[in-house]
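A short write-up of the structure that comes next.
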Amino acid sequence: MSRYIATRAIRGANALVAEAEYMYQQALVEKGADTRVAFPNTAYYLPLIFGMTGMQIETIGQLEPVLAHARELLHPMPSNNHWTPYLGETLDSGMATLFAAEVIEAIRFVYGLQPEPLPGFQLAGGTSFTSPDMGENGNGSNGMDGHLNGPIDDIQLRSWGIQLVDGRMPGFAAIVGAAKSNEVAVKIVRELQRRNILTFLSGNVNGRSIIHQLQEEGVELGYDTYTVPFGTDTLSAIYALGFAVRSALTFGGMKGGMAREILMYNKERVFAFVLALGEVDDLKYAAAAGAINFGFPVIADTVIPEILPTGVTTYEHVVSMPFNEIDGTDDLERAELLVQKCIEVRGVKVKVSNVPVPVPYGSAFEGEVVRKSDMRVEFGGKHSRCFEYLYMVDLDDITDGKIEVVGPNFDDIGAQGHMDMGIVVEVAGRGMQKDFEPVLERQIHYFVNGASGIQHIGQRDIAWVRISTAAADKGFNLEHFGKILHARLHADFGAIVDKVQVTVYTEPDKVQDWLAKARDAYDYRNKRLADLTDDAVNEFYSCTLCQSFAPDHVCIVS
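Number 991 in this note's numbering belongs to position 485 of the sequence shown; there are no gaps in the numbering.
Dropping the structure here:
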């Protein structure tokens, strides 16, 4: 254990606990002991405190024993002539830091200082809505202007559950600080999105945060893009650890107070890491020590002492990778190599789909919204018709990889224009069955949405697709819809699909002809499904896929 790291972390922990105690006393006087204190939209009180201690904090007065416990975990800084190991003292101080940080953030909620205000900022997918042009306040906004995200609510945590279970979301990254440049910040986030890694943003260096950098570059941040801005100070990183605790409580069958079990669950099942960008101060060292308790390693892009032996983490604990010394041809390649190192150190298992399109591609873009002002062209919605139809054929009837556009492309359509479109997908395979058609057809929504700058809403004959100006400028055209579907159907359903052929229709007469055929198929499927009950089948199946993330969960499938 590095004495330098121990000294900085313990010093940072002592300072933060003292600050939390001061804020607690101030709130006690100004707000009163009975004032309610909580994070919004969670059943887990202050989640990290609840998970680690079992304390159900509901009022300001109940924070006192938490701070007393944090004070007990603190240690004096190592003396210059003290060379015995101090890993335990450092980890204790790290946990005290996390308790103090959550107390401070909770008090900030009482004072209305959380979520952190940021003028001009707008979260992507901050609220639930169906139209990209209309929000709760009726003016095209999502109702969350001017504030960062703050803690993730329970509903969103559960909505990500299946992606955490099936591997589409292999882990999460907590980025603290600011990148060397705006371009590097964007590249780091895009590399994480390409790998479908959930990204939490917080912290700053000399007042400048990676959140500011991404905002300046027009990168959408929010639940829908897997990139969640917590706050521009280091304390807001506590929300990432609270998310980790709630993952164990929600999916792992843990209860409040099962500290060891929660920490082990995170080490073994939650593949997360901390990426410290820029200067690392005492508070960041202290918070990093807290993260290491969870088995989450810390990677820094500056020169800091390293802790390479394994133990609390699966592999290295602290890795220094000075950005300018990374062996890359330019800063963008260095950023890519930095992300690769983070994944390697934590052992994150990622699956990257190689989809031949001119825009970034990955599940992280599935919820991206293309607003009218950013739109090049749309299909469906108020002014045009769009449908999608997938059906099976014999192996000899189609050519694998054949993609055809019947009708004009959108080159001659004016900016923010609209046109009819039908996407017809023919699949063939020895293991393919007619019953699989609607299942594969529904995947069109997810597959198309994976392209950056493409928005897909709805299904069947109420599909609504938008292509952004940025995507069109990079060369995205209608043929790329076929390339996406061909690549993803083979990658995800290769066991049953041997051939995929896609035809995109924009010629009005052809659109109408195929729409009629598609509606006949929809009607047949609806009637068949209406007559299907559990009593009509003889076999039931058990599924334990969820146990990779939720050990006590079993599904029964008819």
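Ideal placement from N, C-alpha and C gives every residue a C-beta, glycine not left out. Since the structure is predicted, the reported quantities are computational estimates derived from the model, not experimental observations.
- By the C-beta density criterion, L619 is exposed, having fewer than 16 other C-beta atoms within 10 angstroms.
- Counting along the chain, the unbroken beta strand (DSSP E) around A934 starts and ends at M927 to A934.
- The C-beta distance from V954 to E932 rounds to 17 Å, too long to meet the 8 Å contact threshold.
- Looking at D807, F615, A934 and P862, the one whose alpha-carbon comes closest to that of V1003 is A934.
- Taking C-beta separations shorter than 7 Å and ignoring five residues to either side along the sequence, the partners of Q721 in its chain run F627, following chain order.
- Between the alpha carbons of A743 and D788 lies a gap of roughly 15 Å.
- Distances from the alpha-carbon of F777 to those of A746, K790, G763 and G784 put A746 closest.
- When the beta-carbon positions are compared, I566 and A533 come within less than 8 Å of each other.
- In the DSSP annotation of this structure, the continuous segment of the beta strand (DSSP E) that includes S826 starts and ends at V824 to S826.
- With a contact defined as Cβ atoms closer than 8 Å, A841 and I694 qualify at about 5 Å.
- For the pair of segments examined, the segment 724 to 733 was found not to touch the segment 755 to 767: the number of CB pairs separated by less than 8 Å stays below three.
- With a beta-carbon spacing of about 6 Å, P623 and G652 fall inside the 8 Å limit used to define contacts.
- The DSSP-derived three-state label of Y510 is helix.
- The DSSP-derived three-state label of T705 is strand.
- In the structure shown, Y617 falls within a coil segment according to DSSP collapsed to helix, strand and coil.
- Of the candidates D941, Q719 and L698, D941 places its Cα closest to the Cα of A1027.
- If you compare the alpha carbons of E884, T731 and D1015 with that of P866, the shortest gap goes to T731.
- Beta-bridge analysis with DSSP links M881 to S974.
- Bounds of any alpha helix (DSSP H) do not take in M898; it lies within the beta strand (DSSP E) bounded by C892 to M898.
- Looking at T820, D659, V1017 and A806, the one whose alpha-carbon comes closest to that of G784 is A806.
- Per DSSP, S1048 is one residue of the beta strand (DSSP E) stretching across Y1047 to C1049.
- Taking C-beta separations shorter than 8 Å and ignoring five residues to either side along the sequence, the partners of V861 in its chain run Y867, G956, A957, K989, I990, A993 and R994, following chain order.
- In this structure Y791 touches A515 by the C-beta definition: roughly 4 Å separates them, less than 8 Å.
- Of all alpha-carbon atoms in T559, I555 and L593, the one lying nearest the alpha-carbon of P815 is that of L593.
- Excluding the 5 residues flanking it on each side, D837 has same chain C-beta neighbours closer than 7 Å at K686, S687, E689 and V690, in chain order.
- For R664, same chain residues with a beta-carbon under 7 Å away, outside a window of 5 residues either side, are T756 in chain order.
- When DSSP states are grouped into helix, strand and coil, V1063 belongs to the strand group.
- Around the beta carbon of Q961, a 10 Å sphere encloses 16 or more other beta carbons of the protein chains shown; the residue is thus reported as buried.
- Between I681 and L580, the gap from beta carbon to beta carbon reaches 8 Å or more.
- The residue from I909, R891 and T596 with its alpha-carbon nearest to that of G923 is R891.
- DSSP links Q1007 through a beta bridge to E932.
- Looking at V609, G667 and R542, the one whose alpha-carbon comes closest to that of H575 is V609.
- Excluding residues up to 5 positions away in sequence, P811 and I813 lie with their Cβ nearer than 7 Å to the Cβ of S508 in the same chain.
- In this structure, the alpha-carbon of V1063 lies about 49 Å from that of G834.
- DSSP places H575 within a helical segment (H, G or I) once states are collapsed to three.
- For E839, the enclosing alpha helix (DSSP H) begins and ends at D837 to R852.
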